[in-house]
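First residue of the sequence shown: 1268, per our numbering; consecutive thereafter. For each residue, glycine too, the CB sits at the ideal point set by N, CA and C. Report on one structure; see the data block that follows.
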Amino acid sequence: MILCPKCRALMRLNRETNQMECKRPDCGHIEPKGKEAKITTRKRIDRKIVVTESIEGTLPTVKIICEKCKNNEATWVIRQTRAADEPATRIYQCTKCKHKWREY
Ligand SMILES: [Zn+2]
Ligand SMILES: [Zn+2]
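Here's what the structure looks like:
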């Protein structure tokens, strides 16, 4: 089972393009097949970190839509994963409802 990294809806395989597509039409996120399995695994590990760590202090904000409350502003931090060869990830936190999510 593969979840959309943006909205966490189920993704389905488009056999014509061989890409995974988010089934939510308002999201429409597309992932190339093949790198999916890796991302899903890493996501499961990283979610623990996101939940247990709190984002505090004065942080930069960015105009981005919160998937929960549709607020259009969130703070963000760059988080380097343990392995040095992995890219740093950006973690967003909604300024309104404090919902957190991450982006690659
Ligand atoms: Zn989606
Ligand atoms: Zn929100």
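Three Cβ pairs or more, each shorter than 8 Å: is that satisfied between the region 1358-1366 and the region 1330-1338? Yes, they touch.
Expressed to the nearest angstrom, what Euclidean distance is found between the alpha-carbon atoms of V1329 and I1358? Their backbone Cα atoms lie some 11 Å apart in a straight line.
Work out the CA separation of E1288 and R1275 for me, nearest whole Å. Rounded to the nearest angstrom, the two C-alpha atoms are 12 Å apart.
What three-state label does DSSP hand N1338 in the structure shown? If DSSP states are grouped into helix, strand and coil, N1338 belongs with coil.
In the DSSP assignment, find the beta strand (DSSP E) that holds P1327 and state where it starts and stops. In this chain, P1327 is not harboured by any beta strand (DSSP E), its DSSP state being neither H nor E.
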